[in-house]
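Engineer: As given, the protein sequences belong to chains A and B, one line each in that order.
If you count the first sequence from 1, position 206 lands on 206 in the UniProt record's numbering, and the numbers rise without skipping.
If you count the second sequence from 1, position 230 lands on 230 in the UniProt record's numbering, and the numbers rise without skipping.
Dropping the structure in here first, questions after.
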Amino acid sequence: MDSLVGFVGKNYVLIAGDTNAGRSIMRLKDDFDKLVPIDSHKILAKSGEIGDGNQFCNLIIRNVSLYRIRNETELTTKSVAHYTRRQLATAIRKNPYSVNLLLGGYDKKDQKGSLYYLDYLGSSKKINYGAQGYAALFVGSILDRFWKEDLDFEDGLELMKKCLREVEKRLIIGTRCFLIKMINSDGISVVEKVMINSKNKNEIEEEN
Amino acid sequence: MSYDRAITVFSPDGHLIQVEYALEAVKKGTTAVGVKGKDVLVLGVEKKSTAKLQDPRTVRKIVQIDDHICMTFAGLTADSRILINKARFECQSYKYYYEDPIGVEYITRYIAKTQQKYTQSVGVRPFGVSTLIVGYDSKGFPKLYQTDPSGNFSSWKASCIGRSEKPVKEFLEKNYVDEMDEEQTVRLTIQSLVEVVESGEKNIDIAIMRKNKPIEFLGRTRIAEIVKEFEEEKKRKEEED
């Protein structure tokens with residue numbers, strides 16, 4: 001039910017997540033922020049069990065902070081991805097966390113954004129574009145076709161909206177509202193909170 | 001029977017000799033000063049003169065425990081590392097459970113509790129460290145706390161630990177006024193250290209903790225400027241007399 005989409009552009013990373021939080025047939029919350037900031041330049045987008053997501057993200061955030069305070073330097077996105085994967089991998093055969101993640105981050109040293117795909121079994125892969133949840137079924141082909149390296153921001157946002165439009169159109173479980181965040185050299189910023197209604201001939205109403 | 005062998009043993013006149021010896025170790029350490037202003041906290045430390053071939057930047061006495069809390073210490077540096085590590089972990093642990101940043105008194109209590117534990121355990125010795133902890137409490141007031149090897153802690157307006165504790169404390173008691181602004185607080189801290197630090201302003205580190213801002217270390221040139229102003233003032237006073 002959760003949909004997360006992300007890709008890397010020219011000196012930024014765009015990540016979008018739907019804002020639904022539900023349990024079985026009930027929608028509990030429609031303004032749920034699944035894109036959690038780990039530090040000033042990294043987002044952990046979580047999908048799956050809500051409780052596990054909260055606990056796990058909290059754990060990662062606190063340990064990344066502890067590293068920062070202890071060593072007076074921030075971890076790179078790659079390091080955080082590896083650390084997160086390690087936590088998932090050691091947990092899977094003991095007390096598994098039912099969370100699938102997209103980790104997006106911007107490293108000042110390389111001046112590049114990067115995106116990682118992590119799942120609850122402990123797999124981790126650096127990707128240029130990807131998605132979690134049912135969105136992955138629909139969005140994969142769109143990104144395969146239209147993603148290019150070094151997309152500038154406007155084109156990237158257009159591409160993201162194209163993906164989200166497709167998710168809204170084809171996913172039977174209605175999820176119209178998405179939150180799009182961007183990470184670049186200035187840090188994390190909320191790009192838009194979009195409400196998509198594909199019946200309106202691909203028009204997108206913007207919230208906020 | 002020697003009453004200083006194991007710390008778990010009281011001496012006949014009610015002293016824990018090992019704890020008192022630990023306080024002696026603190027008195028051998030380089031001086032650290034903390035001063036509380038109206039809305040600012042300043043820490044000053046005397047740095048041990050580094051050997052010629054040593055990189056001075058690796059000798060850091062003022063450390064951050066969390067984004068909003070700093071501390072310094074006097075005594076055995078290696079012992080302080082343990083306390084600092086534990087404190088840093090505790091800060092993150094607190095935030096993990098309560099989602100709120102830790103309070104200054106809370107972490108002070110924790111550090112003091114840790115120090116006390118080591119005065120009442122088998123096979124360990126007390127930490128030879130006194131600490132000065134600064135931060136802002138939940139109401140936004142600046143707070144300065146001191147702990148010592150016995151596990152005592154208390155809040156101070158201005159305090160000093162380490163080898164020049166006595167003269168610096170006397171100086172602070174004479175010259176401290178309530179509600180000082182940032183400039184006055186910094187000057188008082190520097191002045192109190194300059195009196196006692198042998199090698200002058202090159203071996204002083206000053207850190208300023210402002211509310212909701214990261215800690216700022218005062219630059220070398222600025223410290224040198226302020227010290228120069230003191231010396232000129234002193235000269236003028238002497239000439240007048």
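By construction, the Cβ of each residue, glycine as well, lies at the ideal position given by its N, Cα and C atoms.
What residues from chain B crowd round A/N58, counting only those whose CB sits closer than 7 Å?
Structural biologist: The count along the first sequence starts at 1 and reaches residue 58 of chain A at position 58. The answer, in chain order, is Y96.
Engineer: Do you know offhand how far A/S123's Cα is from A/D2's?
Structural biologist: Numbered from 1 along the first sequence, position 123 holds the residue referred to as residue 123 of chain A. Numbered from 1 along the first sequence, position 2 holds the residue referred to as residue 2 of chain A. So the alpha carbons of these two residues sit roughly 19 Å apart.
Engineer: Only counting runs of 3 or more residues, tell me where the beta strand (DSSP E) segments fall wholly within the stretch 120-204 of chain A, in order along the chain.
Structural biologist: If we require 3 residues or more, the beta strand (DSSP E) runs fully inside the stretch 120-204 of chain A come out as 124-127, 129-133, 177-184, 187-196.
Engineer: The alpha helix (DSSP H) that contains A/V80, what's its start and end?
Structural biologist: For the purposes of this step, residue 80 of chain A is taken as residue 80 along the first sequence, with counting starting at 1. Element bounds for A/V80: 77-92.
Engineer: How long is the line joining the alpha carbons of B/G44 and B/I69, rounded to whole angstroms?
Structural biologist: Numbered from its first residue, the second sequence carries residue 44 of chain B at position 44. Numbered from its first residue, the second sequence carries residue 69 of chain B at position 69. C-alpha separation (whole angstroms): 15 Å.
Engineer: Would you kindly work out how many angstroms separate the C-alpha atoms of A/T73 and A/Y67, rounded to a whole number?
Structural biologist: As a working mapping, residue 73 of chain A is identified with position 73 in the first sequence. As a working mapping, residue 67 of chain A is identified with position 67 in the first sequence. One C-alpha to the other measures close to 8 Å.
Engineer: Got a sec: is the Cβ-Cβ distance from A/I38 to anything in chain B below 9 Å?
Structural biologist: The count along the first sequence starts at 1 and reaches residue 38 of chain A at position 38. With 9 Å as the cut-off, A/I38 does not count as an interface residue toward chain B.
Engineer: Give the list of continuous alpha helix (DSSP H) stretches no shorter than 4 residues that lie fully inside the stretch 5-67 of chain B.
Structural biologist: Entirely contained in the stretch 5-67 of chain B, the alpha helix (DSSP H) runs reaching 4 residues are, in chain order, 17-28.
Engineer: Go through its chain and collect everything with a Cβ distance to A/G156's Cβ below 6 Å, but skip five positions before and after it.
Structural biologist: On the first sequence, position 156 is the one that residue 156 of chain A refers to. G9, L14.
Engineer: Does the beta-carbon of B/A51 have 16 or more other beta-carbons within 10 angstroms, so that it is buried, or is it exposed?
Structural biologist: In the second sequence, counting from the first residue as 1, residue 51 of chain B sits at position 51. Label assigned to B/A51: exposed.
Engineer: Beta-carbon separation of B/E159 and B/V33 under 9 Å?
Structural biologist: In the second sequence, counting from the first residue as 1, residue 159 of chain B sits at position 159. In the second sequence, counting from the first residue as 1, residue 33 of chain B sits at position 33. Here the sequence assigns Ser to residue 159 of chain B, which means Glu is not the residue at that position. Contact: yes.
Engineer: For A/I69, would you say it is in contact with chain B, using Cβ-to-Cβ distances shorter than 9 Å as the test?
Structural biologist: Against the first sequence, residue 69 of chain A aligns to sequence position 69. Closer than 9 Å to some Cβ of chain B, the Cβ of A/I69 qualifies, so yes.
Engineer: By a C-beta neighbour count over all protein chains shown, 10 Å radius and 16 as the cutoff for buried, is B/E240 buried or exposed?
Structural biologist: Start at 1 with the first residue of the second sequence, and residue 240 of chain B comes out as number 240. By the neighbour-count rule (16 or more Cβ atoms within 10 Å), B/E240 is not buried but exposed.
Engineer: Counting contacts by CB-CB distance shorter than 9 Å, is B/R88 in contact with chain A?
Structural biologist: For the purposes of this step, residue 88 of chain B is taken as residue 88 along the second sequence, with counting starting at 1. Answer yes: the Cβ-Cβ gap between B/R88 and chain A drops below 9 Å somewhere.
Engineer: Determine the direct distance from the alpha carbon of B/Q54 to that of B/V19, and round the result to whole angstroms.
Structural biologist: Translated into positions along the second sequence, residue 19 of chain B becomes position 19. Translated into positions along the second sequence, residue 54 of chain B becomes position 54. Distance between the alpha carbons of B/V19 and B/Q54: 33 Å.
Engineer: So which residues on chain B does A/L66 lean against when the C-beta distance must stay under 7 Å?
Structural biologist: Within the first sequence, the letter at position 66 stands for residue 66 of chain A. Within 7 Å Cβ-Cβ: R88, F89, Q92.
Engineer: Say whether the stretch 74-94 of chain A touches the stretch 170-178 of chain A, bearing in mind that this needs 3 or more beta-carbon pairs closer than 8 Å, one atom from each stretch.
Structural biologist: Verdict: no, contact absent.
Engineer: Can you pull the chain A neighbours of B/R66, defined as C-beta to C-beta under 9 Å?
Structural biologist: As a position in the second sequence, residue 66 of chain B is number 66, starting the count at 1. It is Asp, not Arg, that sits at residue 66 of chain B in the sequence shown. By Cβ distance, chain A contributes S65, I69.
Engineer: Give the DSSP-derived three-state secondary structure of A/L59 in the structure shown.
Structural biologist: Within the first sequence, numbered from 1, the residue matching residue 59 of chain A stands at position 59. In the structure shown, A/L59 sits in a helix (DSSP, three-state: H, G or I).
Engineer: What does DSSP give as the partner residues of A/G104 in its beta bridges?
Structural biologist: Position 104 of the first sequence, counted from the start, is the residue given in the question as residue 104 of chain A. According to DSSP, which records beta bridges pairwise, A/G104 is partnered with A/I43, A/L115.
Engineer: Looking only at its chain, what residues have a beta carbon closer than 6 Å to the beta carbon of B/T108, apart from the 5 residues adjacent to it on each side?
Structural biologist: Stepping through the second sequence from its first residue, residue 108 of chain B is reached at position 108. Answer for B/T108: I133, Y145, F153, listed in chain order.
Engineer: Quick one: what's B/D205 bridged to in DSSP?
Structural biologist: Position 205 of the second sequence, counted from the first residue, corresponds to residue 205 of chain B. In DSSP, B/D205 forms a bridge with B/V45.
Engineer: Would you call the stretch 85-95 of chain B in contact with the stretch 158-176 of chain B, where contact means no fewer than 3 C-beta pairs closer than 8 Å?
Structural biologist: These segments do not touch.
Engineer: Within this structure, are the beta carbons of A/G17 and A/F153 separated by less than 9 Å?
Structural biologist: Position 17 of the first sequence, counting from 1, holds the residue named residue 17 of chain A. Position 153 of the first sequence, counting from 1, holds the residue named residue 153 of chain A. No, these two residues do not count as a Cβ contact at 9 Å.
Engineer: How would you write the range of the alpha helix (DSSP H) that B/T119 sits in, first residue to last?
Structural biologist: Within the second sequence, numbered from 1, the residue matching residue 119 of chain B stands at position 119. B/T119 -> no alpha helix (DSSP H), and no H or E assigned at all.
Engineer: Using 8 Å as the cut-off, can you tell me whether the stretch 190-199 of chain B makes contact with the stretch 223-237 of chain B, which would need three or more C-beta pairs spanning the two stretches below that distance?
Structural biologist: As far as the Cβ criterion goes, the stretch 190-199 of chain B touches the stretch 223-237 of chain B, which means the pair count is three or higher.
Engineer: Report all residues from its chain with a CB closer than 6 Å to the CB of B/L218; omit the five preceding and five following residues, and keep chain order.
Structural biologist: The residue you call residue 218 of chain B lines up with position 218 of the second sequence. Result list for B/L218: I206, in chain order.
Engineer: Please state whether the Cβ-Cβ distance between B/V35 and B/T189 is less than 9 Å.
Structural biologist: Within the second sequence, the letter at position 35 stands for residue 35 of chain B. Within the second sequence, the letter at position 189 stands for residue 189 of chain B. Against a cut-off of 9 Å, the Cβ pair of B/T189 and B/V35 comes out as a contact.
Engineer: Is there a Cβ from chain B that is less than 9 Å from the Cβ of A/R62?
Structural biologist: For the purposes of this step, residue 62 of chain A is taken as the residue at position 62 of the first sequence. So yes, A/R62 belongs to the interface.
Engineer: Flag B/N203 as yes if its beta-carbon sits less than 9 Å from any beta-carbon of chain A, otherwise no.
Structural biologist: Within the second sequence, the letter at position 203 stands for residue 203 of chain B. So no, B/N203 is outside the interface.
Engineer: Given a threshold of 16 other Cβ atoms within 10 Å of its Cβ, counted over all protein chains shown, does A/N100 qualify as buried or as exposed?
Structural biologist: Translated into the one-based positions of the first sequence, residue 100 of chain A becomes position 100. A/N100 is buried by the Cβ-count criterion.
Engineer: Less than 9 Å between the beta carbons of A/V5 and A/K42, yes or no?
Structural biologist: Looking up residue 5 of chain A in the first sequence gives position 5. Looking up residue 42 of chain A in the first sequence gives position 42. It is not a contact, given that the beta carbons lie outside the stated cut-off.
Engineer: According to DSSP, what are the bridge partners of B/K143?
Structural biologist: On the second sequence, residue 143 of chain B is found 143 positions in, with the first residue counted as 1. B/G135, per the DSSP bridge assignment.
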